Amino acid sequence: MKIKKGIPLIDQHDKNGFWGGKFGGNFIPETLKKPVEDLNILFEKLRKDKRFIKERDYYFKNWVGAPTPFIKLENLTSHLGGAQVWAKVVSEANGGAHKIYNATVHCLITKRAGKKYIVGDTGAGYAGKMLSMAAKKFGLKCKIFMGAKDIKRQKPNCDAMRKNGAEIVPVHSGSQTLVDAVSECMRYWVANCDSTAMCVGSTVGPNIFVKICGWSTAQISRELLQQIKNEFGEIPSKLKLINCVGGGSSAYGFWSEFMDYKKKQVEMIGVEAAGPKKSKLHAAPLSKGSKLGVLHGAASYVCQNSDGQIKETESISAGLDYPGVSPMHCFLKDAGRARYSSATDEEALEAYKLVTKYENLNPSLEPSHAFAEAIKIAPKLSNDTVIIVNSCGDAQKDRDILRKRLGKY
Ligand SMILES: Cc1ncc(COP(=O)(O)O)c(C=O)c1O
């Protein structure tokens with residue numbers, strides 16, 4: 070399995086929508102064939118349309134607040150005593166996380182399609198909050214599907230969705246988390262696709278949703294590439310880009326401009342959720358060796374039992390608590406271009422404690438998993454190694470969990 074140079078990874082699938090011949094595709098019911106095809110045609114047209122690109126860039130700059138800061142974590146670097154640790158503070162984007170890029174683009178496409186309604190899924194609540202923000206901005210009516218367990222643990226984001234006028238549909242089936250929210254959202258779309266658009270909250274789902282989401286979050290690495298060049302004059306000879314991986318949209322967006330660099334120069338490290346230390350359950354299909362399966366319209370490595378049934382996951386982080394992962398990350402893993410590891414709940418909490426002790430940064434539980442990996446490897450590396458962590462979400466949404474687990478927020 071090989072990655073081609075000079076072609077965005079979102080376009081490196083075959084005519085049936087598979088990356089590396091087996092990841093992704095379109096496992097969809099007959100009724101969705103036409104709306105999915107229509108969306109495909111519209112997206113391919115819009116991404117070549119200079120006016121549409123101008124509009125996207127206008128809103129990214131003047132509404133999302135691009136570019137987000139790129140900062141050196143000097144105190145953390147001194148404390149760890151090895152590699153330099155930097156952060157791309159994507160949580161400074163309007164709304165507090167990277168999900169704003171995908172939500173903005175989906176709403177702009179929906180307007181062009183002449184639809185007035187949009188539905189979406191959410192786990193941590195950021196995808197839902199951002200979709201509710203973008204829907205309000207662009208005059209669309211919005212419905213968000215969210216697992217009942219996540220509604221309880223991510224209250225601040227639910228309050229924001231309601232404030233923006235979105236309806237939250239609680240999902241009580243299965244594990245009452247993101248996996249069930251995506252299923253329910255897709256079921257709703259099957260019945261309402263004539264009038265309603267669907268925004269899948271990550272680089273998962275049928276091929277076109279992976280592509281739109283990846284195309285949107287790629288903004289992160291376009292900014293970062295420029296910021297690195299401004300800071301260092303060139304791409305450092307030892308660069309490590311660390312990102313948490315749930316569905317994989319922030320990681321793809323963080324890495325996409327760096328794909329063509331040699332692995333020895335730019336290492337890409339994805340960190341999944343290993344769950345509580347004592348539990349056998351996790352949400353780490355890539356790093357814990359899960360098998361290929363089909364989930365939410367696409368083939369990917371999926372946490373499953375020996376009968377191929379989707380297995381329950383467990384993680385302190387609602388955004389990473391998902392049994393599948395983007396087909397593009399499966400491809401990157403098998404092609405050997407990215408390395409995937411995992412962090413436990415406890416390691417993520419320790420990382421949160423350390424980062425907030427030394428820095429004026431408040432990473433949510435998702436990027437705290439990425440910081441756990443940075444904290445693990447930085448002391449073993451030399452000072453000319455540059456580690457950059459994507460601090461892709463703000464911990465405000467996690468205040469209840471942090472108060473309960475750490476006694477303070
Ligand atoms: C702040 C944050 N980071 C990461 C994720 C994981 O998703 P993805 O892997 O698509 O970036 C989420 C998902 O909700 C999130 O809210």
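For reference, each letter of the sequence shown is one residue, going 70 to 478 in the working numbering. All residues carry an ideal CB built from backbone N, CA and C; glycine is no exception. Computed from a predicted structure; not experimentally measured.
- As DSSP reads the structure, Y409 sits in a beta bridge with G339.
- Per DSSP, the unbroken beta strand (DSSP E) holding V363 starts and ends at 361–364.
- In this structure, the alpha-carbon of N171 lies about 8 Å from that of S271.
- Counting only residues of its own chain and dropping the five nearest sequence neighbours on each side, D190 has a CB closer than 6 Å to the CB of F214, A250, V251, C254, G270.
- For K210, the enclosing beta strand (DSSP E) has its first and last residue at 210–216.
- Residue environment analysis places Y391 among the buried positions, since at least 16 neighbouring C-beta atoms fall within 10 angstroms of its C-beta.
- For ligand 1, a non-hydrogen atom lies closer than 6 Å to the CB of C461.
- Rounded to the nearest angstrom, the Cβ distance from P396 to V279 is 6 Å, consistent with a contact under 8 Å.
- Fully contained in the region 144–223 are the following alpha helix (DSSP H) runs of length 4 or more, in chain order: 168–182, 195–207, 217–222.
- For I457, the enclosing beta strand (DSSP E) starts and ends at 455–459.
- For ligand 1, residues qualifying as neighbours are A166, H167, K168, T191, G192, A193, Y195, A196, G270, S271, T272, C313, V314, G315, G316, G317, S318, S319, A320, A387, G388, L389, S433, E435, P436, C461, G462, where qualification means a beta carbon closer than 7 Å to at least one of its heavy atoms (chain order).
- Distance from the Cα of W132 is smallest, within the candidate group D263, V240, A162, for A162.
- For T100, the uninterrupted alpha helix (DSSP H) segment begins and ends at 99–115.
- The Cβ atoms of M199 and K168 lie closer than 7 Å to each other.
- DSSP places C262 in no alpha helix (DSSP H); its state is neither H nor E.
- Exclusion of the five residues before and after T137 leaves K157, V158, V159, E161, A162, E292 as the residues of its chain whose Cβ lies within less than 7 Å of its Cβ.
- If you draw a straight line from the Cα of R181 to the Cα of K84, it comes to about 25 Å.
- Here G462 is bridged, per DSSP, to A166.
- Taking one beta carbon from each stretch, the region 305–316 and the region 381–391 have 3 or more pairs nearer than 8 Å; the two touch.
- Counting the other Cβ atoms within 10 Å of the Cβ of D219 gives 16 or more, which makes it buried.
- In the three-state DSSP reduction, L293 falls in the helix class (H, G or I).
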